[in-house]
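Asks:
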């Protein structure tokens, strides 16, 4: 989840990315000719500031949870001026476990002067020499949102914009057990609540009846994957192939019966100078009486960066993205990517659907071992986005 919930960020943040990218490139060339400088003198003001907040690039095993704190002001038309903060924590369940990677706890929060509030939690815990894994996603937001109807034809029309205030809650725990060297199976529970208020149609002609009904989706998840990645948070090599099925039923407390299938395949190659080439194919396919908030959505900080989260939505979605992750000197890096996605009502229509292209550039700063702060500037078809996140998009 993006620290800023995948919303579009204004010129302040775009300037911040430009400065960060310029600084990273300059620092890389300067350090090649000034290797005799003392390490303290080489620290930029940004690095010094982040180190004071715990972003020292190291892990302190003596702490119960070794936290870093990453604040960031933002501005966008929907939420106005605000501030967000990420707390990134690493920990070991068993200090004698030399097989499991470090477990992580990421807490994101935001608040703006127009009353927008939100908090999200992403937890990944590795147990018993990585024989078991526990994942938790939890979030609560009360923020401005947008609705452009359902389907590409409606979504692509700027005049179809509907503004509303969205209150959402999600809790999704998942437990995974290793079957073989790289194969896991898992089961979990998924609770979602969404309510739209202060609906403003502006000049839109789209049907807003779906927004008038409060949504509650309760279901169970079943997962199987092949995961040979060397690190879950920031892979440098390996691959993951995964299918995650969610079954939502009235008997479990859901307001409607429907199913969701998430499928993904990602591969990571380590190339020259510790750079990484990564690519991914990802799909989200739904069936049944799907509520408006559970439709497949393209956009936001992870799924097709460069498009406003919530604008493009339909029952089916398919996307692909390729990203080059360049390792610079010290704790700095850059990324460059291209991607494309499609949405449609029926699975059979995906191949003939209109394509949503995207491209972008990003800056990386390692705050903890294999944990990156990422600032991404993305461009879509008639839309742009800036994202301040922790960890990679995929």
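Numbering (the numbering used here), first residue to last: 1209 to 1602.
The C-beta atom is built at its ideal place from N, Cα and C for all residues, glycine as well.
Check whether the segment 1397 to 1413 and the segment 1441 to 1449 are in contact - that is, three or more C-beta pairs closer than 8 Å.
Replies: No: the two stretches stay apart, fewer than three of their Cβ pairs being nearer than 8 Å.
Asks: What is the residue span of the alpha helix (DSSP H) that residue 1361 lies within?
Replies: Start and end: 1360 to 1363.
Asks: Since residue 1485 sits in a beta bridge, which residues does DSSP pair it with?
Replies: DSSP, once it has assigned bridges, lists 1477, 1532 as partnering residue 1485.
Asks: Starting from residue 1418, trace the beta strand (DSSP E) in both directions and tell me its first and last residue.
Replies: No beta strand (DSSP E) contains residue 1418, which is instead part of the alpha helix (DSSP H) from 1417 to 1420.
Asks: Can you say whether residue 1393 is buried or exposed, counting buried as having 16 or more other CB atoms within 10 angstroms of its CB?
Replies: By the 10 Å Cβ count, residue 1393 comes out exposed.
Asks: Per the contact definition of three or more C-beta pairs closer than 8 Å, is the segment 1360 to 1378 in contact with the segment 1340 to 1349?
Replies: Contact holds: three or more Cβ-Cβ distances are below 8 Å.
Asks: Residue 1474 and residue 1602 look like a contact to me (Cβ under 8 Å); what is the Cβ gap, rounded to whole Å?
Replies: Contact flag correct, Cβ pair sits at about 6 Å.
Asks: Can you tell me which residues form a DSSP beta bridge with residue 1376?
Replies: Answer is 1349, 1402, bridged to residue 1376.
Asks: Quick one: give me the first and last residue of the beta strand (DSSP E) that residue 1412 is part of.
Replies: Run containing residue 1412: none; DSSP gives neither H nor E here.
Asks: Rounded to whole angstroms, what's the CA-CA distance from residue 1281 to residue 1579? Just pull it up for me.
Replies: The alpha-carbon atoms of residue 1281 and residue 1579 are separated by roughly 21 Å.
Asks: How long is the line joining the alpha carbons of residue 1435 and residue 1472, rounded to whole angstroms?
Replies: In a straight line, the C-alpha of residue 1435 is about 11 Å away from that of residue 1472.
Asks: Going by Cα to Cα distance, which pick from 1312, 1340, 1418, 1399 is closest to residue 1330?
Replies: When only C-alpha atoms are compared, the closest one is 1312.
Asks: What does the alpha-carbon distance come out to for the pair residue 1501 and residue 1402?
Replies: Going from the Cα of residue 1501 to the Cα of residue 1402 covers about 7 Å.
Asks: On the criterion of 16 or more Cβ atoms from any shown chain inside 10 Å, does residue 1353 qualify as buried, or is it exposed?
Replies: So residue 1353 ends up on the buried side.
Asks: Please name the residue in 1428, 1486, 1303, 1413 whose C-alpha comes closest to that of residue 1461.
Replies: Of the candidates 1428, 1486, 1303, 1413, the one whose C-alpha sits nearest the C-alpha of residue 1461 is 1428.
Asks: Between residue 1484 and residue 1478, what straight-line distance do the alpha-carbon atoms span, to the nearest angstrom?
Replies: When rounded, the distance between both Cα atoms is 5 Å.
Asks: Does the pairing of the segment 1515 to 1527 with the segment 1583 to 1593 give three or more beta-carbon distances under 8 Å?
Replies: Touching, yes, given that three or more Cβ pairs across the two stretches are closer than 8 Å.
Asks: When the Cβ atoms of the segment 1503 to 1512 are set against those of the segment 1450 to 1466, are three or more pairs found closer than 8 Å?
Replies: Contact fails: fewer than three Cβ-Cβ distances are below 8 Å.
Asks: Which residues in the same chain as residue 1442 place their Cβ atom closer than 7 Å to its Cβ, once the five residues preceding and following it in sequence are excluded?
Replies: Result list for residue 1442: 1578, 1579, 1580, 1599, 1600, in chain order.
Asks: Under 6 Å Cβ to Cβ from residue 1398, same chain only, skipping five residues before and after it: list those, please.
Replies: Cβ neighbours of residue 1398 beyond the five flanking positions: 1380, 1427, 1429, 1454.
Asks: For residue 1492, which residues from the same chain have a beta carbon less than 6 Å from its beta carbon, with the 5 sequence-adjacent residues on both sides left out?
Replies: These residues qualify, in order along the chain: 1470, 1504, 1525.
Asks: Which residues does DSSP pair with residue 1467 in a beta bridge?
Replies: Residue 1467 is bridged to 1455, 1495.
Asks: Is DSSP giving residue 1594 helix, strand or coil here?
Replies: It is a strand residue.
Asks: Check the DSSP bridge columns for residue 1434 and list the partner residues they point to.
Replies: Residue 1434 is bridged to 1391, 1449.
Asks: With three or more C-beta pairs closer than 8 Å as the rule, is the segment 1314 to 1325 touching the segment 1354 to 1371?
Replies: Touching, no.
Asks: Can you name the start and end residues of the beta strand (DSSP E) that residue 1333 belongs to?
Replies: Counting along the chain, the beta strand (DSSP E) containing residue 1333 begins and ends at 1325 to 1335.
Asks: For residue 1439, which residues from the same chain have a beta carbon less than 7 Å from its beta carbon, with the 5 sequence-adjacent residues on both sides left out?
Replies: Excluding sequence neighbours, residue 1439 sits near 1309, 1578.
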